[in-house]
Amino acid sequence: MHLEQRDVVRIFPPTTCSTMDEHLHVNTPLLESVAMSKRVGTAVYLKMENSQPSGSFKIRGIGHLCQQLASTSKGIVCSSGGNAGMAAAYAARKMCVPATIVIPSSTPHLVVQRLRDQGATVKIVGKIWDDANAEALRLAQTEGLTYVSPFDHPLIWQGHSSVITEAASSLGPGVKPGAVLLSVGGGGLLCGVVQGLKNVGWADVPIIAVETAGADCLNASVKAGRRVTLDDITSEAKCLGAKTVCQQAFEYSRSKEVTVISEVVTDRQALHALETFLDEERVLVEMACGAALAAVYSGLVHRLQAEGRVAAHPGPLLVIVCGGSGIDLEQLFLLKRKLEKE
Ligand code: PLV
Numbered sequence: 002m003h004l005e006q007r008d009v010v011r012i013f014p015p016t017t018c019s020t021m022d023e024h025l026h027v028n029t030p031l032l033e034s035v036a037m038s039k040r041v042g043t044a045v046y047l048k049m050e051n052s053q054p055s056g057s058f059k060i061r062g063i064g065h066l067c068q069q070l071a072s073t074s075k076g077i078v079c080s081s082g083g084n085a086g087m088a089a090a091y092a093a094r095k096m097c098v099p100a101t102i103v104i105p106s107s108t109p110h111l112v113v114q115r116l117r118d119q120g121a122t123v124k125i126v127g128k129i130w131d132d133a134n135a136e137a138l139r140l141a142q143t144e145g146l147t148y149v150s151p152f153d154h155p156l157i158w159q160g161h162s163s164v165i166t167e168a169a170s171s172l173g174p175g176v177k178p179g180a181v182l183l184s185v186g187g188g189g190l191l192c193g194v195v196q197g198l199k200n201v202g203w204a205d206v207p208i209i210a211v212e213t214a215g216a217d218c219l220n221a222s223v224k225a226g227r228r229v230t231l232d233d234i235t236s237e238a239k240c241l242g243a244k245t246v247c248q249q250a251f252e253y254s255r256s257k258e259v260t261v262i263s264e265v266v267t268d269r270q271a272l273h274a275l276e277t278f279l280d281e282e283r284v285l286v287e288m289a290c291g292a293a294l295a296a297v298y299s300g301l302v303h304r305l306q307a308e309g310r311v312a313a314h315p316g317p318l319l320v321i322v323c324g325g326s327g328i329d330l331e332q333l334f335l336l337k338r339k340l341e342k343e
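Each residue of the sequence shown is one higher than the last, beginning at 2 in the working numbering.
Structure follows, in structure tokens:
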């Protein structure tokens with residue numbers, strides 16, 4: 002008999018509601034990539050956040066925030082490009098709290114079903130994340146729901162910082178990365194990684210922070226010397242599509258305490274990266290993650306080494322494989338058709 006996807010949650014509700022004592026995220030594998038190491042000329046380690054139960058790193062911070070703020074809530078409301086929503090829906094299901102996830106129409110439709118499978122109510126509002134966020138804030142006010150930001154809260158950053166603590170313990174004493182490579186949307190992951198690096202005494206490790214052109218709110222702000230709001234999101238990496246980076250991420254990008262190297266790749270480079278990653282590592286990730294991977298495949302890391310901004314033979318390169326649920330083979334083919342025409 003064919004089991005309808007939507008029946009799964011009804012058939013397998015959590016047996017007990019999660020308490021604050023246990024993390025909702027898992028300790029993810031740290032894998033050495035021989036193929037990437039060959040390209041970069043130094044060891045490359047992949048922190049496989051795609052294997053989190055919600056499909057991305059987001060569950061670290063959002064799970065932590067929900068556990069701290071929402072255990073007695075009548076419900077949470079989260080605005081999202083997709084993956085923060087997946088994390089919030091997963092956390093809420095585990096905590097036996099209702100979840101409403103507000104996404105823009107630009108989020109791939111396959112995410113809607115995945116959110117519903119987590120038991121969430123889904124609302125599609127506006128064209129980009131900023132529109133959906135305005136609705137989530139309104140619902141929080143009018144319905145008395147707990148608002149969950151996808152990236153802008155100290156508890157989210159504290160939760161995300163565990164990605165570095167874990168990587169440090171997997172690498173073992175005496176091994177320190179030469180650089181950390183990650184993607185930037187609203188900047189929550191960047192803030193968490195900065196805090197994690199500080200926690201383990203690695204504040205001098207540079208962070209290569211990658212966005213796609215058309216979702217480059219951090220880079221635009223770094224160039225302008227002040228926080229700027231993009232006119233629109235024109236990148237296909239919709240999960241990087243916040244028009245304004247969060248204040249804390251912008252401050253870290255200017256801080257003398259840490260080194261944040263802000264870089265931009267094209268959508269085509271991000272797509273090519275996720276295809277190469279699928280071929281070589283046999284893992285499918287979304288465009289938002291392809292942005293960081295493109296730094297390896299497009300030669301950006303080499304360029305930074307040549308410019309002396311990242312040491313040529315430093316410790317290993319640590320890549321945060323942020324993952325993402327907004328991708329399947331059909332979506333990949335759609336993206337290919339769209340971007341190859343441009
Ligand atoms: N995505 C957020 C914000 O979207 C969301 O709602 O899901 N990699 C993946 C796979 C992501 O989903 C995101 C953020 C990022 C990277 C960037 O993380 P951030 O927002 O903390 O910089 C609008």
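Built from N, CA and C at the ideal position, the CB exists for glycine as well.
Alpha-carbon to alpha-carbon, residue j and residue i
i, j, result
"residue 164", "residue 76", "27 Å"
"residue 288", "residue 193", "21 Å"
"residue 315", "residue 278", "23 Å"
"residue 110", "residue 280", "25 Å"
"residue 100", "residue 148", "10 Å"
"residue 52", "residue 228", "33 Å"
"residue 12", "residue 258", "Interpretation of residue 12 is limited by its pLDDT of 46, a score under 50 that renders its predicted location unreliable; no figure is taken from the coordinates."
"residue 2", "residue 333", "Confidence at residue 2 is low in this model, with a pLDDT of 41, below 50, so the placement of that residue should be treated as unreliable; the coordinate-derived value is given next. Each residue's Cα considered, the two are about 30 Å apart."
"residue 200", "residue 156", "15 Å"
"residue 323", "residue 208", "15 Å"
"residue 18", "residue 74", "14 Å"
"residue 248", "residue 219", "10 Å"
"residue 336", "residue 296", "19 Å"
"residue 342", "residue 265", "21 Å"
"residue 87", "residue 270", "26 Å"
"residue 331", "residue 23", "36 Å"
"residue 217", "residue 178", "25 Å"
"residue 307", "residue 97", "52 Å"
"residue 42", "residue 78", "45 Å"
"residue 190", "residue 158", "7 Å"
"residue 313", "residue 304", "10 Å"
"residue 131", "residue 84", "15 Å"
"residue 203", "residue 311", "15 Å"
"residue 129", "residue 222", "19 Å"
Selection from the options that minimises the alpha carbon distance to residue i
i, options, result
"residue 115", "219, 213 and 54", "54"
"residue 319", "17, 19, 34 and 122", "34"
"residue 213", "126, 125 and 238", "238"
"residue 67", "244, 82 and 152", "152"
"residue 70", "50, 93, 80 and 84", "93"
"residue 126", "118, 117, 119 and 137", "137"
"residue 108", "235, 181 and 206", "235"
"residue 232", "215, 224 and 223", "215"
"residue 243", "118, 39, 135 and 89", "135"
"residue 180", "61, 161, 211 and 252", "211"
Residue span of the alpha helix (DSSP H) that contains residue i, given as start and end
i, result
"residue 67", "59-70"
"residue 41", "35-41"
"residue 96", "84-96"
"residue 275", "268-282"
"residue 231", "Careful: residue 231 lies outside any alpha helix (DSSP H) and carries neither H nor E."
"residue 254", "248-255"
"residue 222", "218-225"
"residue 21", "Premise fails: residue 21 is in no alpha helix (DSSP H) and is neither H nor E."
Start and end residues, beta strand (DSSP E) containing residue i
i, result
"residue 162", "From DSSP, residue 162 is part of no beta strand (DSSP E); its letter is neither H nor E."
"residue 320", "318-322"
"residue 143", "Where residue 143 is concerned, there is no enclosing beta strand (DSSP E), although the alpha helix (DSSP H) it sits in stretches over 130-144."
"residue 340", "Taken as a continuous stretch (DSSP letters only), residue 340 belongs to no beta strand (DSSP E), being part of the alpha helix (DSSP H) at 330-342."
"residue 100", "100-104"
"residue 180", "180-184"
"residue 123", "122-125"
"residue 79", "77-80"
Pair within 8 Å by beta-carbon distance, residue i and residue j
i, j, result
"residue 72", "residue 21", "yes"
"residue 292", "residue 241", "yes"
"residue 31", "residue 64", "no"
"residue 48", "residue 168", "yes"
"residue 250", "residue 188", "yes"
"residue 321", "residue 183", "yes"
"residue 82", "residue 186", "yes"
Residue i CB to nearest heavy atom of the ligand GDP below 7 Å
i, result
"residue 155", "Here the bound small molecules are the ligand PLV; the ligand GDP is not part of this structure."
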